[in-house]
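S.K.: In our numbering, the protein residues as written are 845 to 1036.
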Amino acid sequence: MKKVRLEDLKGLAAYEKLREDFRRRIIELKKNRRLAVGDKVSLLFENRDTVIFQIQEMLRAERITDLEKIREEIEVYNSLIPDAGELSATLFLEIEEQGRIREELLKFLGIDEGVYLKIGNRTIRARFESGHSKEDKISAVQYVRFPFNPDEIRAFVAGEEGAEIFIDHPNYQARVTVGEETRKALIEDLTA
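(1) According to DSSP, is Lys951 helix, strand or coil?
(2) For the putative contact between Asn922 and Lys874, defined by C-beta atoms under 8 angstroms, what is the C-beta separation to the nearest angstrom?
(3) Give the secondary structure of Leu887 by DSSP, where H, G and I count as helix, E and B as strand, and everything else as coil.
(4) What did DSSP end up calling Ala857 once you bin it into helix, strand or coil?
(5) Looking at Thr1026 and Glu1008, is the spacing between their C-beta atoms short of 7 angstroms?
(6) Check the DSSP bridge columns for Ile968 and list the partner residues they point to.
(7) How is the alpha helix (DSSP H) around Ile918 delimited, first residue to last?
(8) Look up Val895 in the DSSP assignment and say whether it is helix, strand or coil.
(9) Hey, could you find the ends of the alpha helix (DSSP H) Ile997 is sitting in?
(10) Going by DSSP, which residues form a beta bridge with Lys1028?
(11) Determine, using beta-carbon pairs with one atom in the region 988 to 1002 and one in the region 964 to 971, whether at least three such pairs fall under 8 angstroms.
(12) Whose C-alpha, out of Gln1017, Asp1033, Gly1023 and Ala857, is nearest the C-alpha of Gln908?
(13) Looking at Asn876 and Lys951, is the spacing between their C-beta atoms short of 7 angstroms?
(14) Assuming Ile963 and Ala999 make a contact with CB atoms under 8 angstroms, what is their CB distance in whole Å?
(15) Kindly indicate which residue of Glu941, Val920 and Gly1006 has the alpha-carbon position closest to the one of Leu961.
(16) Taking Ser932 as part of the beta strand (DSSP E), name the residues at either end of that continuous run.
(17) Pick helix, strand or coil for Arg989, following the three-state DSSP scheme.
(18) Have a look at Leu888 and Leu879 and give me their C-alpha separation to the nearest angstrom.
(19) What's the gap between the Cα of Gly954 and the Cα of His1013?
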C-alpha cells in the first residue's frame, strides 16, 4: 500500500473546507474496519485513507504548518499503513471506569503474546509495535500487524474458510468472526 506523501495532504484552510465531507466518508469507511473482540478490546484496521485522516486531524488540532513538522507527522503515521502481505490495526483496550484504568490496564500485560487472526486452520499471531508496554505499564492504544504468507493471503481472499480474530490471554479470552464486509475491506488492503 502506498505511503502518505506531503503532496497528499491539504493545507489547514483547504482541509477545513472539505473536513466534514471527508470526516463522514472516513466514519463510514471505519464501520467495516472496526471489530469488537469481546467487551474490552477493539481493533481498527488501518489503511491509507484512515491514516491521511489522522494526519490531517493532528495538523488541524495542533495548528501545524511548518513543513518539517508535517514531514515528521507523516513519518510517524506512515508506520500504521500496512506493508505488502500484511494487515495493520490499532488495538484499543477499552476501560470505562475512570478510577480503575491503571489497575484494569495492568491485567492486559502480556497481551502482545496472545492476539491472533485465524483463517480456517491457519493461525497468524499479531506482531505488536514495541514501546507501548513495559513490565509494569501498558498503553490503552497498541499498534499491531498481521503478517500473511502467500497461502494465508490466498485462503483469506478466497473466503472459503471462516476467519476470526481471537485473544488468548490469562485475564482475557474473546473471539469475533470477521464478517463479509470487513473481509472485503481487508482484502483490498492485502491486495493493494
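Glycine included, C-beta positions come from ideal geometry on N, C-alpha and C.
M.R.: This is what the structure gives:
(1) coil
(2) Rounded to the nearest angstrom, the Cβ distance from Asn922 to Lys874 is 19 angstroms, too far for a contact under 8 angstroms.
(3) strand
(4) helix
(5) Contact flag unset, no.
(6) Leu961
(7) Leu911 to Asn922
(8) In this structure, Val895 counts as helix in the three-state DSSP scheme.
(9) Pro994 to Ala1002
(10) In DSSP, Lys1028 forms no bridge with anything.
(11) yes
(12) A small fix is needed here, since residue 908 is Ile in this sequence, not Gln. Minimum Cα distance to Ile908 is reached at Ala857.
(13) no
(14) 5 angstroms
(15) Gly1006
(16) Glu930 to Leu937
(17) Strand.
(18) Straight-line Cα distance between these residues: approximately 7 angstroms.
(19) 7 angstroms
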